[in-house]
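Same order as they appear, the protein sequences are chains P and Y.
Throughout the first sequence, residue numbering follows UniProt numbering, covering 1 to 255 in sequence.
Throughout the second sequence, residue numbering follows UniProt numbering, covering 1 to 255 in sequence.
Note that CB positions come from ideal geometry on N, CA and C, so glycine has one too.
Bear in mind that the values here come from a model prediction, so they are computed numbers and not experimental data.
Read the structure below first, then the notes.
2 protein chains.
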Amino acid sequence: MTKRAKHPVRTTEKSLRLIAELNQLGEARVTTLASELGMGKSAVHNHLSTLEKHGYVVKDSETKTYRLSLKFLDIGGQIRSQRDVYKVAEPKVEELAEESGELVHLVVEEDGKGVYLCRSKGERAVELDTYIGCRHHMHSTAFGKAILSRLPTDRVDAIIDQHGLPKVTPRTITSREALFEELERTRERGFAVDDEERLEGLRCIAAPIKFDSDVIGAISVSGPTARIDDDWESNEFVSELQRTVNVIELNKYNV
Amino acid sequence: MTKRAKHPVRTTEKSLRLIAELNQLGEARVTTLASELGMGKSAVHNHLSTLEKHGYVVKDSETKTYRLSLKFLDIGGQIRSQRDVYKVAEPKVEELAEESGELVHLVVEEDGKGVYLCRSKGERAVELDTYIGCRHHMHSTAFGKAILSRLPTDRVDAIIDQHGLPKVTPRTITSREALFEELERTRERGFAVDDEERLEGLRCIAAPIKFDSDVIGAISVSGPTARIDDDWESNEFVSELQRTVNVIELNKYNV
DNA sequence: GTCCCCCGTTTGCTATTCGAGAACAACACT
DNA sequence: AGTGTTGTTCTCGAATAGCAAACGGGGGAC
Chain P
1 MTKRAKHPVR TTEKSLRLIA ELNQLGEARV TTLASELGMG KSAVHNHLST
51 LEKHGYVVKD SETKTYRLSL KFLDIGGQIR SQRDVYKVAE PKVEELAEES
101 GELVHLVVEE DGKGVYLCRS KGERAVELDT YIGCRHHMHS TAFGKAILSR
151 LPTDRVDAII DQHGLPKVTP RTITSREALF EELERTRERG FAVDDEERLE
201 GLRCIAAPIK FDSDVIGAIS VSGPTARIDD DWESNEFVSE LQRTVNVIEL
251 NKYNV
Chain Y
1 MTKRAKHPVR TTEKSLRLIA ELNQLGEARV TTLASELGMG KSAVHNHLST
51 LEKHGYVVKD SETKTYRLSL KFLDIGGQIR SQRDVYKVAE PKVEELAEES
101 GELVHLVVEE DGKGVYLCRS KGERAVELDT YIGCRHHMHS TAFGKAILSR
151 LPTDRVDAII DQHGLPKVTP RTITSREALF EELERTRERG FAVDDEERLE
201 GLRCIAAPIK FDSDVIGAIS VSGPTARIDD DWESNEFVSE LQRTVNVIEL
251 NKYNV
């Protein structure tokens, strides 16, 4: 858990700060970035042209502005397609979306947060603020609780220590005890639930994908409270979801 | 067109070489990377821990191996969702995939190559080696020729100079003259065609998306030669494609 | 259980090189 | 033309990256 580098490479960190700033601003000029980050113009210029040379940044020679290139999407796409979970689960996610008509996500955990690996919209799917690659807290989402419920306790503790339990809606779980109780319930049930804990008006259910007793991700179905019934025992989405996960787990052994 | 940085930041370049190498290897240990890149162990270690601190690299503390993190997918996803073309075209791409049953792509040009922004698979869609973010040459693809056909001649020349016209199948266009003739034909027709020029057995059609007389991307439909007829005049996919592009172009003005 | 080897990490020191500042160049606007 | 703004180049001093070497620790062989 050595989060901090003992001997950070400061020059690299400057480049990374530039990338972060560019990502936030969308696009920017040399002077803007220099004053924003408290660096000299020449330094900014050297870093940007280096990043450009390697394809991470694109310069619009008309307006003299820089922006991040789609190389990030390229690298991200490669990383994603290399993942076994993705290969196996992706087609099933699409099927489930079609079948249920709702929004379906495949999520994996990285660095204590949940990352969307793919999403598929069914016929009536809600529009959400999620995009492929975006990160969410674990405690306030169905997929997060699905994954946490299968991780060792010390791992869960470490994740809470790292990211806390921020309240995002009135119903978000914000205490460690309540979360562990919920995880217990989740384990018994076999699937996790998010009842307006991340976004008001939104309900999600999620099931963990297991492989040799390790969780390797989760599948979630999201929809408006009006369509996703909170009588979980008789909820039709639950059975569809669990069927999908079962198929994925079986296929996983053939990779 | 200053491709090369005048004063490259060498330290940043080392970090980027590490990233490239990690991307290629999938995952690797310190020693492997050190010998592979001809760097000292401590240097590699410092760079990796710096990249890890900022979330670009993940260390598996079990096996002591490093790999690129999904942060690239995150950044890539943000960049993509910021693009206006994407916002407008994404839902229409899905519709077209459903309607046609084939594989549909949205592509934009960056640095002289075509980058896939999104893909949607119809019922009978072929399995291709493409992934979101991946790059292809322009001259050997339908979307590439669709975009090139609407770029100024000097721009096209520059792109050819930069990337050449490599032959990927027996039918790939490899001469500048033939390409310009083909672009002329494409312009007249309004859509571009790839008849096994990138992959044997695969035919694609593509139409440029225009906005104020600039091309901002292209939509393509790909399928096996058996299903995509090469009698372009009466091809049903062509009209579906053109209808889709028209809708996108109209919606584009309301962003 | 012990030894040994290998690999990741830390340290100290020096050569490298990054970057502030100033000068230069290229526009855009008045 | 003139002036203000912004990107780019240059030079040199100070910051620092990274080599070599030492340390530490985990795993395998026996």
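Simplified DSSP assignment, three categories, for residue i
i          : result
Thr-2(Y)   : Here the model assigns Thr-2(Y) a pLDDT of 44, short of 50, so the residue's position is not dependable, and the following value carries that caveat. It is coil, neither helix nor strand.
Lys-64(Y)  : coil
Ala-142(Y) : helix
Lys-167(Y) : coil
Pro-152(Y) : coil
Phe-237(Y) : helix
Arg-227(Y) : coil
Leu-183(P) : helix
Asp-157(Y) : helix
Leu-18(P)  : helix
Asp-195(Y) : strand
Val-30(Y)  : helix
Val-85(P)  : helix
Thr-126(Y) : One detail in the question is off: residue 126(Y) reads as Val in this sequence, not Thr. Three-state DSSP puts Val-126(Y) in coil, outside helix and strand.
Residue-level contact to chain P via CB, residue i, 8 Å cutoff
i          : result
Gln-162(Y) : no
Tyr-66(Y)  : no
Arg-80(Y)  : yes
Thr-12(Y)  : yes
Ile-205(Y) : no
Leu-241(Y) : no
Val-30(Y)  : no
Arg-155(Y) : no
Glu-102(Y) : no
Lys-53(Y)  : yes
Short CB-CB distance (under 8 Å) between residue i and chain Y
i              : result
Gly-190(P)     : no
Ala-218(P)     : no
Ala-34(P)      : no
Lys-6(P)       : yes
Arg-198(P)     : no
Val-58(P)      : yes
His-47(P)      : yes
residue 259(P) : Limits of chain P in this structure are 1 at one end and 255 at the other, which puts residue 259(P) out of reach.
Lys-252(P)     : no
Phe-180(P)     : no
Arg-135(P)     : yes
Glu-123(P)     : no
Nearest candidate by alpha-carbon position, reference residue i, set the options
i          : options                                       : result
Ser-140(Y) : Arg-29(Y), Thr-172(Y), Ile-216(Y)             : Thr-172(Y)
Val-255(P) : Val-85(P), Asn-246(P), Lys-113(P)             : Val-85(P)
Gln-162(Y) : Glu-182(Y), Gln-78(Y), Met-138(Y), Asp-214(Y) : Met-138(Y)
Lys-14(Y)  : Leu-73(P), Val-9(P), Thr-63(P)                : Val-9(P)
His-45(P)  : Ser-239(P), Thr-31(P), Ile-228(P)             : Thr-31(P)
Arg-187(Y) : Lys-167(Y), Thr-153(Y), Ser-175(Y)            : Thr-153(Y)
Thr-225(P) : Lys-252(P), Gly-217(P), Asp-195(P), Glu-98(P) : Asp-195(P)
Val-93(P)  : Ser-120(P), Glu-102(P), Val-238(P), Arg-83(P) : Ser-120(P)
Leu-250(P) : Thr-65(P), Ile-209(P), Phe-143(P), Gly-133(P) : Ile-209(P)
Glu-127(P) : Glu-102(P), Ser-81(P), Val-108(P), Ser-49(P)  : Glu-102(P)
Gly-114(P) : Val-88(P), Ile-159(P), Ile-75(P)              : Ile-159(P)
Ser-213(Y) : Ile-147(Y), Val-193(Y), Glu-95(Y)             : Ile-147(Y)
Arg-29(Y)  : Thr-169(Y), Ser-49(Y), Ala-218(Y), Ala-97(Y)  : Ser-49(Y)
His-7(Y)   : Ala-43(P), Ser-100(P), Lys-6(P), Ser-35(P)    : Ala-43(P)
Ile-248(Y) : Asp-230(Y), Leu-106(Y), His-54(Y), Asp-129(Y) : Leu-106(Y)
Those residues which DSSP pairs with residue i across a bridge
i          : result
Arg-189(Y) : Answer is none; Arg-189(Y) lacks a bridge partner.
Val-9(Y)   : DSSP lists no partner for Val-9(Y).
Gly-114(Y) : Glu-109(Y), His-136(Y)
Pro-91(P)  : BP columns for Pro-91(P) are empty, so no partner.
Lys-252(P) : Its beta-bridge partners do not exist; DSSP assigns none.
Ser-120(Y) : Val-104(Y)
Leu-37(Y)  : Answer is none; Leu-37(Y) lacks a bridge partner.
Ser-222(P) : Leu-103(P), Cys-204(P)
Ile-209(Y) : Gly-217(Y)
Val-57(P)  : Leu-68(P)
Expected contact under 8 Å - CB spacing of residue i and residue j to nearest Å
i          : j          : result
Phe-191(P) : Ala-206(P) : 6 Å
Leu-37(P)  : Arg-67(P)  : The pair is not a contact, with the Cβ atoms about 16 Å apart (cut-off 8 Å).
Val-215(Y) : Leu-165(Y) : Not confirmed; about 20 Å, so no contact.
Tyr-56(Y)  : Ser-81(P)  : Not a contact, Cβ separation roughly 19 Å.
Arg-203(Y) : Gly-223(Y) : 6 Å
Thr-65(P)  : Thr-12(Y)  : With a Cβ gap of about 20 Å, Thr-65(P) and Thr-12(Y) do not count as contacting.
Gly-76(P)  : Gly-133(Y) : 6 Å
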